[in-house]
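First residue of the sequence shown? That's 1 in UniProt numbering, and the numbers climb one at a time after it.
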Amino acid sequence: MIAQRNPTGPARTGASEAARNRADDVVDVDPLLLPADDPDATARMSPEDYDWYTAAGLDKNDEAELRDEHFQAEHSALALVLRADQLEVAVVAGHGEVIARQVSARIDGLWDDPAAAMGELRERVAEVLHAIDVIDPLRLAGIGVAVDGQVNARTGDVSFTTADQPELPIALRDMLNEEFAVAADQSAERIRLLSTGAAVGAAEHWRGAAVGRPNALILQLDDTIEGALVLDGELLTGPTGNAGRIGHISVDPYGPECRCGGRGCLQAIAGGAAIVDWAIGHGSARKPTAHRSPGPGATVRPAAAAGAGGAARELLPHADVLGVAAAARRGDPVALATFRRAGEAIGQALAGAVTLLDLDVVVLAGALAGVGPVLFDPIADGYECYAALPYASGPRIIPAVLGADAASIGAAAGLLARGCVPQRPS
Ligand SMILES: [Zn+2]
Numbered sequence: 001m002i003a004q005r006n007p008t009g010p011a012r013t014g015a016s017e018a019a020r021n022r023a024d025d026v027v028d029v030d031p032l033l034l035p036a037d038d039p040d041a042t043a044r045m046s047p048e049d050y051d052w053y054t055a056a057g058l059d060k061n062d063e064a065e066l067r068d069e070h071f072q073a074e075h076s077a078l079a080l081v082l083r084a085d086q087l088e089v090a091v092v093a094g095h096g097e098v099i100a101r102q103v104s105a106r107i108d109g110l111w112d113d114p115a116a117a118m119g120e121l122r123e124r125v126a127e128v129l130h131a132i133d134v135i136d137p138l139r140l141a142g143i144g145v146a147v148d149g150q151v152n153a154r155t156g157d158v159s160f161t162t163a164d165q166p167e168l169p170i171a172l173r174d175m176l177n178e179e180f181a182v183a184a185d186q187s188a189e190r191i192r193l194l195s196t197g198a199a200v201g202a203a204e205h206w207r208g209a210a211v212g213r214p215n216a217l218i219l220q221l222d223d224t225i226e227g228a229l230v231l232d233g234e235l236l237t238g239p240t241g242n243a244g245r246i247g248h249i250s251v252d253p254y255g256p257e258c259r260c261g262g263r264g265c266l267q268a269i270a271g272g273a274a275i276v277d278w279a280i281g282h283g284s285a286r287k288p289t290a291h292r293s294p295g296p297g298a299t300v301r302p303a304a305a306a307g308a309g310g311a312a313r314e315l316l317p318h319a320d321v322l323g324v325a326a327a328a329r330r331g332d333p334v335a336l337a338t339f340r341r342a343g344e345a346i347g348q349a350l351a352g353a354v355t356l357l358d359l360d361v362v363v364l365a366g367a368l369a370g371v372g373p374v375l376f377d378p379i380a381d382g383y384e385c386y387a388a389l390p391y392a393s394g395p396r397i398i399p400a401v402l403g404a405d406a407a408s409i410g411a412a413a414g415l416l417a418r419g420c421v422p423q424r425p426s
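Structure (structure tokens):
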């Protein structure tokens, strides 16, 4: 999605203009917009700003005249969504609007050299801030960071989720403090670190499908399965920032091994990659095998609607899971059995969560949430089968509404939204 693009010259884009171009919610910016190095710029920089301005090749004195008077930087937040092979940078305004956003190309081995990754991030941040005429990221309310992997909110270390074994932890918070010249004692105020699952949950609770629902579970169904819990109106992160990680709860003691080291994890059965593996492993020409007795009243509707396929492709561009979903909608028996197996497993996990926590609503986000009834019907059947107690029998299971912006909005939520502030690590 490209709302604005200026590949030829140094024209500036005001935030109010950006806001008017919100048809696609995105301002895509080009690296060529950065001004050339100013040999006098260094002399005008204060020492604490030296690294940032030099690195970005920018002149601090430009900022006052460039900043749109209607744009309140101090009421906006920089959002960084960091994945194993991709960087997403956005600026989120005070009511949750994404006013500029840039998603990098996929970069294999991005974090193999953390310093090089930070250099890449520095460029992306400079471009996005330039698009809204802000130079110093510390003019914003703070920096919200969502990491696609394991986070340790106590230490600030993260490990990115990859297709292989978990990677060595990276001291991300220390690196961000240094990159953005944030003093260590200010770090907890200025930099908020979440998992992407928690960020998506925070976003859907703040501005999405779970607004007004004080007790919610928000599932993010992609190649991985993440979750976030909102209890009594507050995002629950847990002491290390990993609360809600429902993808690694086992739903089948005899199920496949999970890359986390467990067995029968929900993600190993119902994650996008697992769905593709299972469908391929069982061959599209073969008849479906009954893997689990269907829940009461289980039905399959192969002529389902397409759902949010466009958004899903953006979120999950390299997997074939949407192809499996399309085959299921055409009535392919193996594809249907694959989604039935996955959906019932998700329903079983949801039943456990709602029975434990007495939730108002369950929100399904991520690419798989867009595939429609081929997944939603088995989820409902699995849920009914395992949610036995009366109070757990009637929660609403609804699709998310924020799409590809959710992780950015949620990363910023803790800095901008009251009632959605992640608990501080103890
Ligand atoms: Zn697992």
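The C-beta atom is built at its ideal place from N, Cα and C for all residues, glycine as well.
- Between the alpha carbons of residue 196 and residue 389 lies a gap of roughly 31 Å.
- Counting the other CB atoms within 10 Å of its CB gives residue 186 a total below 16, which places it among the exposed residues.
- In this structure, DSSP gives residue 134 a state outside helix and strand, which the three-state scheme calls coil.
- Residue 168 sits exposed, since fewer than 16 C-beta atoms from the chains shown fall within 10 Å of its C-beta.
- Residue 385 carries a helical assignment under DSSP once its states are collapsed to helix, strand and coil.
- Counting C-beta pairs with one atom in each stretch, the region 323–335 and the region 188–203 have fewer than three that are closer than 8 Å, which means they do not touch.
- In the three-state reduction of the DSSP assignment, residue 340 falls in the helix class.
- Look at the region 142–205 and you find these whole runs of beta strand (DSSP E), each 3 residues long or longer: 143–147, 149–152, 157–160 and 191–195.
- Counted as a single uninterrupted DSSP element, the stretch harbouring residue 325 is not any beta strand (DSSP E) but the alpha helix (DSSP H) occupying residues 321–329.
- Residue 279 is positioned such that its CB atom lies closer than 7 Å to that of residue 324.
- Residue environment analysis places residue 235 among the buried positions, since at least 16 neighbouring C-beta atoms fall within 10 angstroms of its C-beta.
- For residue 267, the enclosing alpha helix (DSSP H) begins and ends at 266–270.
- Inter-segment contact for the region 124–133 and the region 147–163 is absent: fewer than three beta-carbon pairs are separated by less than 8 Å.
- Just so you know, the alpha carbons of residue 112 and residue 384 end up roughly 45 Å apart.
- Closest in C-alpha terms to residue 247, from the list 349, 205 and 170, comes 349.
- The straight-line gap separating the alpha-carbon atoms of residue 233 and residue 213 is approximately 7 Å.
- With fewer than 16 other Cβ atoms from the protein chains shown falling within 10 Å of its own Cβ, residue 393 counts as exposed.
- If the five residues before and after residue 146 are omitted, its C-beta is found closer than 6 Å to the C-beta atoms of 81, 194, 196, 199, 407 and 411, all from its own chain and listed in chain order.
- A straight line joining the alpha-carbon of residue 72 with that of residue 91 spans about 11 Å.
- The Cβ atoms of residue 78 and residue 143 lie closer than 7 Å to each other.
- Environment of ligand 1, chain-ordered: 248, 258, 260, 262 and 265, taking every residue with Cβ within less than 5 Å of a heavy atom.
- For residue 409, the enclosing alpha helix (DSSP H) starts and ends at 406–416.
- Spatial neighbours of residue 320 in its own chain (CB-CB distance under 6 Å, excluding positions within 5 residues in sequence) are listed in chain order as 276.
- Counting of Cβ neighbours within 10 angstroms places residue 205 among the buried residues, the total reaching 16 or more.
- For the pair residue 374 and residue 251, the Cα-to-Cα distance works out to about 20 Å.
- Taking 7 Å as the cut-off, the Cβ atoms of residue 363 and residue 400 count as close.
- Taking all protein chains shown into account, residue 109 has fewer than 16 neighbouring C-beta atoms within 10 Å of its C-beta and is therefore exposed.
- Residue state for residue 256 is assigned as coil, using DSSP reduced to three classes.
- Boundaries of the beta strand (DSSP E) around residue 79: 77–82.
- Take the alpha-carbon of residue 131 and the one of residue 89: they are about 12 Å apart.
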